[in-house]
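In the working numbering, the protein residues as written are 185 to 545.
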């Protein structure tokens with residue numbers, strides 16, 4: 185596809201948002217384009233980084249992710265402390281649903297070869313499996329949100345925000361110590377002969393941290409992925425007459441009722457998701473003619489991959505986010521649930537890489 189045509193289409197959509205929706209949404213679309221461009225251009229894969237550490241003892245991807253978390257926290261935590269009324273953290277309640285959801289998500293993302301952001305940018309790159317998974321991810325996210333109340337009844341406590349609970353310096357100190365501990369563990373796990381510093385990934389991490397902070401400033405909330413997917417599914421189910429949001433605990437909450445009743449272009453998560461797709465598509469247009477195409481999958485691989493995509497959507501709602509909403513935004517804005525999500529998702533990934541190998545993905 186011609187890059188000029190893609191750029192023109194993005195410009196038209198930007199001006200449409202600025203004119204017909206709001207300048208804020210137009211700016212968030214630009215942020216989304218930047219996120220998609222960086223993710224696709226640097227091939228900044230959260231899933232791949234974990235898999236390389238597990239299978240190849242290569243810590244470079246994980247170390248870049250930890251750098252992203254630390255830099256984002258250094259910017260976002262002071263903003264939250266300075267503007268507590270205007271900006272919100274990515275808080276999720278510690279719960280059994282979080283434990284189960286994070287574990288299943290970590291497993292499924294290795295099989296599907298993508299988390300929330302990975303599925304988006306790889307779909308934008310035109311990778312067939314991720315393009316097929318995207319609508320199934322949305323379906324799973326919607327069903328997970330619709331059943332979230334039942335899962336929370338298993339047991340949960342109120343969300344814990346480190347900045348609000350302990351103050352800025354203490355919260356950032358706790359976060360920094362936690363990231364240093366994870367980095368030490370990753371290096372101990374890895375083959376320490378292999379280089380842990382990847383320049384392209386660290387530059388990508390720096391740019392993603394800046395864009396995540398811009399998202400927080402413009403939207404008033406941290407960068408997220410899966411809420412937009414669930415909203416798309418809920419809108420489709422409501423339009424088809426197969427779902428009554430007023431009878432559902434999650435979708436009958438005032439904020440969700442308002443979002444469901446409005447245009448999808450007014451939802452901040454949906455707009456950045458669309459931007460990520462557009463940014464990745466723009467990067468894909470740069471591919472040289474004759475570049476290697478993804479290998480074709482067998483019928484069994486398609487079935488397993490699509491099933492994993494559904495589990496990604498469902499489990500991410502139970503876990504209050506994916507690698508972005510729970511890990512990046514959760515940890516960088518001081519949510520305790522992000523620190524619970526990471527080890528549970530990593531344990532799931534330990535099994536997921538074996539499932540992936542079993543089906544020869």
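Cβ coordinates follow ideal geometry from the N, Cα and C atoms, glycine included.
Could you compute how far the alpha carbon of residue i sits from the alpha carbon of residue j?
{"i": "residue 395", "j": "residue 266", "result": "19 angstroms"}
{"i": "residue 424", "j": "residue 454", "result": "20 angstroms"}
{"i": "residue 385", "j": "residue 236", "result": "14 angstroms"}
{"i": "residue 449", "j": "residue 482", "result": "37 angstroms"}
{"i": "residue 295", "j": "residue 488", "result": "8 angstroms"}
{"i": "residue 249", "j": "residue 258", "result": "14 angstroms"}
{"i": "residue 474", "j": "residue 405", "result": "Any reading at residue 474 must be qualified, since the residue scores a pLDDT of 37, below 50, and its modelled position is unreliable; the value itself is stated next. Looking at the two C-alpha atoms, the distance is approximately 42 angstroms."}
{"i": "residue 244", "j": "residue 349", "result": "33 angstroms"}
{"i": "residue 476", "j": "residue 197", "result": "Caution applies to residue 476, whose pLDDT of 48 falls short of 50 and renders its modelled position unreliable; the value that the coordinates give is listed next. Answer to the nearest angstrom: the Cα atoms are 31 angstroms apart."}
{"i": "residue 490", "j": "residue 303", "result": "12 angstroms"}
{"i": "residue 201", "j": "residue 460", "result": "16 angstroms"}
{"i": "residue 357", "j": "residue 468", "result": "40 angstroms"}
{"i": "residue 186", "j": "residue 315", "result": "20 angstroms"}
{"i": "residue 228", "j": "residue 419", "result": "31 angstroms"}
{"i": "residue 272", "j": "residue 408", "result": "12 angstroms"}
{"i": "residue 470", "j": "residue 311", "result": "15 angstroms"}
{"i": "residue 215", "j": "residue 457", "result": "10 angstroms"}
{"i": "residue 211", "j": "residue 462", "result": "14 angstroms"}
{"i": "residue 371", "j": "residue 208", "result": "41 angstroms"}
{"i": "residue 503", "j": "residue 538", "result": "22 angstroms"}
{"i": "residue 532", "j": "residue 486", "result": "21 angstroms"}
{"i": "residue 436", "j": "residue 383", "result": "46 angstroms"}
Decide if residue i is buried, meaning its Cβ has at least 16 other Cβ atoms within 10 Å, or exposed.
{"i": "residue 375", "result": "exposed"}
{"i": "residue 188", "result": "exposed"}
{"i": "residue 364", "result": "exposed"}
{"i": "residue 443", "result": "buried"}
{"i": "residue 428", "result": "exposed"}
{"i": "residue 525", "result": "buried"}
{"i": "residue 125", "result": "Coverage of the chain is limited to positions 185 through 545, which leaves residue 125 absent and any answer about it impossible."}
{"i": "residue 351", "result": "exposed"}
{"i": "residue 254", "result": "buried"}
{"i": "residue 353", "result": "exposed"}
{"i": "residue 544", "result": "exposed"}
{"i": "residue 288", "result": "buried"}
{"i": "residue 325", "result": "buried"}
{"i": "residue 431", "result": "exposed"}
{"i": "residue 541", "result": "exposed"}
{"i": "residue 368", "result": "exposed"}
{"i": "residue 439", "result": "exposed"}
Just grab the DSSP bridge partners of residue i for me.
{"i": "residue 345", "result": "519"}
Closest by CA to residue i, which one among the options?
{"i": "residue 205", "options": "372, 447, 293 and 416", "result": "447"}
{"i": "residue 511", "options": "522, 295, 486 and 502", "result": "522"}
{"i": "residue 335", "options": "500, 316 and 543", "result": "500"}
{"i": "residue 513", "options": "256, 250 and 414", "result": "256"}
{"i": "residue 280", "options": "342, 434 and 491", "result": "342"}
{"i": "residue 391", "options": "518, 220 and 287", "result": "220"}
{"i": "residue 320", "options": "509, 496 and 533", "result": "496"}
{"i": "residue 307", "options": "251, 224 and 272", "result": "224"}
{"i": "residue 238", "options": "484, 536 and 264", "result": "536"}
{"i": "residue 290", "options": "403, 493, 432 and 199", "result": "493"}
{"i": "residue 299", "options": "486, 233 and 515", "result": "233"}
{"i": "residue 347", "options": "282, 268, 381 and 417", "result": "268"}
{"i": "residue 413", "options": "382, 337 and 327", "result": "327"}
{"i": "residue 193", "options": "285, 465, 401 and 208", "result": "465"}
{"i": "residue 362", "options": "532, 339, 519 and 534", "result": "519"}
{"i": "residue 338", "options": "322, 479 and 283", "result": "283"}
According to DSSP, is residue i helix, strand or coil?
{"i": "residue 480", "result": "coil"}
{"i": "residue 281", "result": "helix"}
{"i": "residue 436", "result": "coil"}
{"i": "residue 500", "result": "helix"}
{"i": "residue 206", "result": "coil"}
{"i": "residue 447", "result": "coil"}
{"i": "residue 340", "result": "strand"}
{"i": "residue 378", "result": "coil"}
{"i": "residue 460", "result": "helix"}
{"i": "residue 394", "result": "helix"}
{"i": "residue 311", "result": "coil"}
{"i": "residue 399", "result": "helix"}
{"i": "residue 270", "result": "coil"}
{"i": "residue 544", "result": "coil"}
{"i": "residue 255", "result": "helix"}
{"i": "residue 407", "result": "coil"}
{"i": "residue 424", "result": "coil"}
{"i": "residue 228", "result": "coil"}
{"i": "residue 430", "result": "helix"}
{"i": "residue 507", "result": "helix"}
{"i": "residue 383", "result": "helix"}
{"i": "residue 299", "result": "coil"}
{"i": "residue 351", "result": "coil"}
{"i": "residue 475", "result": "Low local confidence applies: a pLDDT of 44 at residue 475 is under 50, so the model's placement there is unreliable, with the coordinate-based value given in what follows. In this structure, residue 475 counts as coil in the three-state DSSP scheme."}
{"i": "residue 243", "result": "coil"}
Kindly say whether residue i, judged by its beta-carbon, lies nearer than 8 angstroms to any beta-carbon of chain B.
{"i": "residue 542", "result": "The structure shown contains no chain B, having only a single protein chain."}
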